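In our numbering, the protein residues as written are 64 to 128.
Take a look at the structure set out below.
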Amino acid sequence: MNRMNCFFERVSNIAVGLALFLFGLGFVAIAIMVIPPFGLPAAILFMALSAMFIFARRSRECSLR
């Protein structure tokens, strides 16, 4: 696989993870200010998903051997 594709794979995983993290922070703010029963579970879900994307394994072609 082309090394440039590996770079974009990693950058896209981090970008999606950071976007989900920001959504999670937004739901934390909602949970604190407005509706805790809805905001807190959503915040936990988005934080878990963001961690999953940020720490995702690379494809077999892009991993170091």
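Beta carbons are placed, not taken as given, at the ideal position from N, Cα and C, and that holds for glycine.
Just so you know, these numbers come straight off a predicted model, no measurement behind them.
Next item on the list: Express the C-alpha separation of R121 and F71 in angstroms, rounding to a whole number.
Entry: The residue labelled residue 71 in the question sits at position 8 within the sequence shown. The residue labelled residue 121 in the question sits at position 58 within the sequence shown. The alpha-carbon atoms of F71 and R121 are separated by roughly 11 Å.
Check: Rounded to a whole number of angstroms, what is the C-alpha to C-alpha distance between R128 and A92?
Finding: Here the question's residue 128 lines up with position 65 in the sequence shown. Here the question's residue 92 lines up with position 29 in the sequence shown. Model confidence at R128 stands at a pLDDT of 48, short of 50, so the residue's coordinates are unreliable; what they give is reported in the following sentence. So the two alpha carbons sit approximately 43 Å from each other.
Margin query: Distance check for G102 and F109, CA to CA, integer angstroms please.
Written below: Looking up residue 109 in the sequence shown gives position 46. Looking up residue 102 in the sequence shown gives position 39. Looking at the two C-alpha atoms, the distance is approximately 10 Å.
Next item on the list: Starting from S113, trace the alpha helix (DSSP H) both ways and give me its first and last residue.
Entry: On the sequence shown, position 50 is the one that residue 113 refers to. Note, S113: alpha helix (DSSP H), P99 to I117.
Check: Under the three-state reduction of DSSP, which class applies to S75: helix, strand or coil?
Finding: In the sequence shown, residue 75 corresponds to position 12, counting from 1. DSSP places S75 in helix when its eight states are reduced to three.
Margin query: Just verifying my parser: in three-state terms, what is the DSSP assignment at C69?
Written below: As a first step, residue 69 is located in the sequence shown; it is residue number 6 there, counting from the start. Looking at C69 - three-state DSSP - the assignment turns out to be helix.
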